[in-house]
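In the numbering used here, the protein residues as written are 292 to 417.
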């Protein structure tokens, strides 16, 4: 992978990281405004449901941040763009679309298939 492509992917990762961090700060400000005082039961239930959705989103953002940070760390040590499963080089086209990708498309498809089987059948194949 050439230096220009690597720099473009690095910039994309950093921009994604900044965007998630910015959203996290804004969401924290919003959560401080929540108040359960003088609320009826249905209002409390709706508020708790919203808190559950917000928590799920925060967890997804946390996973995204970790993936981005891991990709940036790989760049700094020089092993970015290598599939963690088969050790083949991940194509630059894939990394330009999904810069935090840790697997090549073939290994990613296999992992997703196995995860779906596990969810559906409750078994693990690997």
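The beta-carbon is built from N, C-alpha and C at its ideal position, and this holds for glycine as well.
Query raised in the report: Is it buried or exposed for residue 395, if we count other Cβ within 10 angstroms and need 16 for buried?
Result: buried
Requested in this report: Starting from residue 293, trace the alpha helix (DSSP H) both ways and give me its first and last residue.
Outcome: It is not in any alpha helix (DSSP H) - residue 293 carries neither H nor E in the DSSP assignment.
Query raised in the report: Shortest alpha-carbon distance to residue 388 belongs to which of 372, 376, 378 and 402?
Result: 372
Query - Assigned secondary structure, residue 379 (DSSP; H/G/I helix, E/B strand, else coil) - result: coil
Query raised in the report: Which value, in whole angstroms, describes the spacing of the CA atoms of residue 340 and residue 352?
Result: 19 angstroms
Requested in this report: Apply the 10 Å Cβ neighbour rule to residue 335 and answer buried if 16 or more other Cβ atoms are within range, or exposed otherwise.
Outcome: exposed
Query raised in the report: Which word fits residue 393, buried or exposed, when buried means at least 16 other C-beta atoms lie within 10 angstroms of its C-beta?
Result: buried
Query raised in the report: Are residue 311 and residue 348 close, meaning C-beta to C-beta below 8 angstroms?
Result: no
Query raised in the report: Assuming residue 362 contacts residue 304 under a Cβ cut-off of 8 angstroms, what Cβ separation, rounded to an integer in Å, is found between them?
Result: 6 angstroms
Query raised in the report: Would you say residue 366 and residue 301 are within 8 angstroms of each other, going by their C-beta atoms?
Result: yes
Query raised in the report: What number of angstroms, rounded off, separates the C-alpha of residue 354 from the C-alpha of residue 383?
Result: 23 angstroms
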